[in-house]
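The structure under discussion appears below in the form of structure tokens.
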Amino acid sequence: MGLLFAGVGGMIGSGWLLGPLNAARDAGPLSIGSWAIAALVIMLLALVYAELAPMFPRSGGVVHISHVSHGVQLGHFWTWILFLAYVTIPPVEAMAVVNYANNYIPGLVHTSGLLTGFGFLTSVVLLAIMVGFNFLAIRLVLAINTVATWFKLLTPIGTIFIFLFLAHHSANLSATSLNVATSGVVHHVNSTGMFTAISSAGVFFALFGFRQAIDLAGETDNPGRNLPIAVLGTIIIGAAVFILLQYAFVTAIPHDILAKNGWGGLTFTGISGPFAGLAVILGASWWATILYADAIVSPGVCGFIWSTSGSRIIMAGGESETMPRAVAWVNDNGTPWMALIVVYIIGVLFFLPLPSWQKMVSYASAATVLSYGIGPIVLLKMRQALPESELRSFRLPAPYIMAPLAFIAANFVVFWAGFATDNFMFLLLLGVFIVFAIYFTVFKKGETGGINWQSLGWLFPYFGGMYLLSYLGPKSMGGIGLLGVYVDMAIIVVFSIAIMWLALKVSVSPESALAYYENEVLADQPAG
Numbered sequence: 262m263g264l265l266f267a268g269v270g271g272m273i274g275s276g277w278l279l280g281p282l283n284a285a286r287d288a289g290p291l292s293i294g295s296w297a298i299a300a301l302v303i304m305l306l307a308l309v310y311a312e313l314a315p316m317f318p319r320s321g322g323v324v325h326i327s328h329v330s331h332g333v334q335l336g337h338f339w340t341w342i343l344f345l346a347y348v349t350i351p352p353v354e355a356m357a358v359v360n361y362a363n364n365y366i367p368g369l370v371h372t373s374g375l376l377t378g379f380g381f382l383t384s385v386v387l388l389a390i391m392v393g394f395n396f397l398a399i400r401l402v403l404a405i406n407t408v409a410t411w412f413k414l415l416t417p418i419g420t421i422f423i424f425l426f427l428a429h430h431s432a433n434l435s436a437t438s439l440n441v442a443t444s445g446v447v448h449h450v451n452s453t454g455m456f457t458a459i460s461s462a463g464v465f466f467a468l469f470g471f472r473q474a475i476d477l478a479g480e481t482d483n484p485g486r487n488l489p490i491a492v493l494g495t496i497i498i499g500a501a502v503f504i505l506l507q508y509a510f511v512t513a514i515p516h517d518i519l520a521k522n523g524w525g526g527l528t529f530t531g532i533s534g535p536f537a538g539l540a541v542i543l544g545a546s547w548w549a550t551i552l553y554a555d556a557i558v559s560p561g562v563c564g565f566i567w568s569t570s571g572s573r574i575i576m577a578g579g580e581s582e583t584m585p586r587a588v589a590w591v592n593d594n595g596t597p598w599m600a601l602i603v604v605y606i607i608g609v610l611f612f613l614p615l616p617s618w619q620k621m622v623s624y625a626s627a628a629t630v631l632s633y634g635i636g637p638i639v640l641l642k643m644r645q646a647l648p649e650s651e652l653r654s655f656r657l658p659a660p661y662i663m664a665p666l667a668f669i670a671a672n673f674v675v676f677w678a679g680f681a682t683d684n685f686m687f688l689l690l691l692g693v694f695i696v697f698a699i700y701f702t703v704f705k706k707g708e709t710g711g712i713n714w715q716s717l718g719w720l721f722p723y724f725g726g727m728y729l730l731s732y733l734g735p736k737s738m739g740g741i742g743l744l745g746v747y748v749d750m751a752i753i754v755v756f757s758i759a760i761m762w763l764a765l766k767v768s769v770s771p772e773s774a775l776a777y778y779e780n781e782v783l784a785d786q787p788a789g
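Given below as structure tokens:
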């Protein structure tokens with residue numbers, strides 16, 4: 262139950278507070294399907310990491326996963342990808358607090374959803390508080406988290422019942438008007454919007470909290486039994502809650518509001534805090550007060566949790582010399598204080614190019630799933646190198662089917678984020694790689710012989726291919742419209758299988774993978 266509780270608690274953050282509005286704007290009633298599809302994607306990835314996570318029993322163990330399959334250099338570069346994914350999640354949660362606060366402290370968010378100058382400064386302060394909680398005594402933090410988690414869980418469940426009781430307009434489920442063009446042509450909701458909502462509306466982001474159950478797997482008595490139950494249970498419960506929330510939100514919209522501008526132009530008083538604003542419209546102001554409180558607690562706790570996870574990734578990077586050794590410094594309580602400062606500074610910088618919750622969450626979704634996309638590849642490599650490891654407390658069934666499906670699903674999420682997000686993300690990674698290549702070519706050549714193109718080379722067709730497919734995709738997703746959404750997705754299926762084959766082809770030998778695993782991953786672990 263402990264793992265299940267941690268997993269479900271990790272899911273309840275800003276995603277449910279803002280995701281349903283953005284999903285409804287993208288796909289109308291089809292947004293309910295967005296949550297179901299995202300849950301399937303998450304399930305595939307979660308099962309992969311349910312096998313891998315117990316085999317890497319170290320703080321920031323996910324950093325070492327790519328080292329095992331492709332050597333130290335790819336491991337170093339992948340650590341930076343993980344870092345650039347994790348470090349954006351606390352800022353996302355800070356902006357969620359600001360969005361809801363805009364209803365009672367006007368001037369924090371523009372009507373477009375972008376932060377104002379005041380909103381930016383407020384977000385910076387909130388991020389400092391979320392990160393700063395890591396410096397408190399751990400017992401106090403755990404006590405606060407336990408109480409907050411119960412509040413986080415009960416609030417969305419209560420919202421479902423209250424909204425369904427106060428307003429249930431089933432006709433909204435067949436309302437398909439998305440918006441009306443200036444020419445008078447009515448555009449209707451379609452499956453493209455349902456897919457894009459998964460990445461850009463915060464649907465995938467909300468469900469990704471399953472990681473908390475996996476991160477704590479080493480603390481359960483029987484991980485072989487408890488871990489798959491916790492992972493599957495977390496996703497099933499989380500998906501059920503989110504699907505019902507989306508259903509309740511869609512059917513609670515009054516007819517007159519929906520008729521004005523369709524789903525795409527959906528707006529009402531208090532829109533920056535959609536559930537609270539809608540609760541007031543439905544006559545439940547008392548529940549809006551609870552929602553405003555939850556809009557501080559849920560994102561606040563999640564921001565704290567992910568700043569902790571991000572600092573562990575950075576600390577592991579320092580320990581492996583992927584990053585400066587200084588970021589691995591800890592204080593007397595074992596808190597990686599320098600890594601937390603890095604989390605805060607980089608988080609603040611991300612507010613500048615991504616100054617809205619939806620922009621930030623779209624990037625966070627794409628970057629996170631990209632960073633975890635190597636998992637299916639590593640799983641198959643570990644099956645070759647350690648086919649009978651005792652640490653493999655859970656075995657993924659049919660791995661040569663399930664692992665490719667998980668990799669394909671991860672690439673779908675990257676594609677669904679749209680070209681604007683993918684363009685930003687891949688150009689950012691290109692910049693990181695250029696710095697990385699210069700470092701290993703100029704400063705580390707004597708030690709490493711320069712860049713190991715065999716282990717890194719497959720990233721160019723992988724990232725370049727995903728960038729190109731996003732660019733050629735539908736105009737509604739930011740592409741040039743040369744490929745329709747389903748044609749593009751069909752190509753991604755074939756492309757993903759080819760990339761997975763290439764990645765395994767150029768991976769290190771099973772003997773090298775085993776040597777790194779035993780000497781680096783397990784070296785500092787207590788016997789037994």
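Residues 262 to 789 in this note's numbering are what the sequence shown lists, from first letter to last.
The beta-carbon is built from N, C-alpha and C at its ideal position, and this holds for glycine as well.
As the structure is a computational prediction, the values presented were derived from the model and not from experiment.
Anticipated Cβ contact below 8 Å, residue i with residue j, distance rounded
i    : j    : result
V392 : V604 : 6 Å
T453 : M738 : 7 Å
S461 : D287 : 7 Å
S757 : F668 : 5 Å
V769 : S330 : 7 Å
D683 : V675 : 7 Å
A513 : A458 : Their Cβ separation, rounded to whole angstroms, is 18 Å, which puts A513 and A458 out of contact at 8 Å.
I303 : F469 : 7 Å
T416 : I293 : Actually they do not touch by this definition, with Cβ atoms about 20 Å apart.
Where residue i falls, given that 16 or more other Cβ within 10 Å makes a residue buried
i    : result
I496 : buried
S444 : Bear in mind that a pLDDT of 49 at S444, under 50, signals an unreliable position, so the number given afterwards is only what the model happens to contain. Under this definition S444 is an exposed residue.
E815 : As displayed, the chain neither begins before 262 nor continues past 789, which places residue 815 out of reach and without an answer.
Y624 : buried
Y747 : exposed
F396 : exposed
E354 : buried
V558 : buried
A587 : exposed
A442 : Reliability of the predicted coordinates at A442 is poor, the pLDDT of 47 falling under 50, and no value is obtained from them.
V370 : buried
I699 : exposed
P616 : buried
H325 : buried
S295 : buried
F724 : buried
K521 : exposed
P281 : buried
E449 : Reading the sequence as shown, one finds His at residue 449 and not Glu. The residue is exposed, with fewer than 16 neighbouring Cβ atoms inside 10 Å.
L730 : buried
D555 : buried
P367 : exposed
Residue i, DSSP secondary structure in three states
i    : result
S444 : Residue placement at S444 cannot be trusted, given a pLDDT of 49 that sits under 50; what the coordinates show is reported in the next sentence. Note: S444 maps to coil in three-state DSSP.
V370 : strand
H328 : helix
S431 : helix
S460 : helix
L375 : strand
Q572 : Per the sequence shown, residue 572 should be read as Ser rather than Gln. Residue state, collapsed to three classes: helix.
L439 : strand
S617 : strand
Given residue i as reference, the closest of the options once Cα atoms are compared
i    : options                : result
N780 : H430, G332, A545, I551 : G332
K620 : L376, G270, S773       : L376
I504 : G523, T420, P489       : T420
F612 : V359, R573, A646, A764 : V359
G726 : M761, G378, F697, A698 : M761
L345 : I423, L691, K766       : L691
T530 : T372, F655, A432       : T372
L519 : S435, G742, W714       : S435
G561 : I273, L264, F266       : I273
L313 : H328, S533, N283, M643 : M643
L765 : L744, L720, I741, L783 : L720
T410 : L265, L425, E582       : L265
W547 : N487, F424, F456, R653 : F424
Count the CB pairs spanning the stretch 334-346 and the stretch 538-553 that are closer than 8 Å, and state whether there are at least three.
no
Tell me whether the stretch 661-670 and the stretch 500-513 touch, counting them as touching only if at least three CB pairs, one residue from each stretch, are closer than 8 Å.
no
Take every Cβ of the stretch 300-315, pair it with every Cβ of the stretch 635-643, and state whether three or more of those distances are shorter than 8 Å.
Touching, yes, given that three or more Cβ pairs across the two stretches are closer than 8 Å.
Is it a yes or a no for the stretch 275-290 touching the stretch 521-538, going by three-plus beta-carbon pairs under 8 Å?
yes
Mind the definition here: the stretch 723-738 touches the stretch 342-353 only if three or more C-beta pairs lie below 8 Å; say whether that holds.
Contact between the stretch 723-738 and the stretch 342-353 is absent, because fewer than three Cβ pairs lie under 8 Å.
With a cut-off of 8 Å, do at least 3 Cβ pairs link the stretch 356-370 to the stretch 578-585?
no
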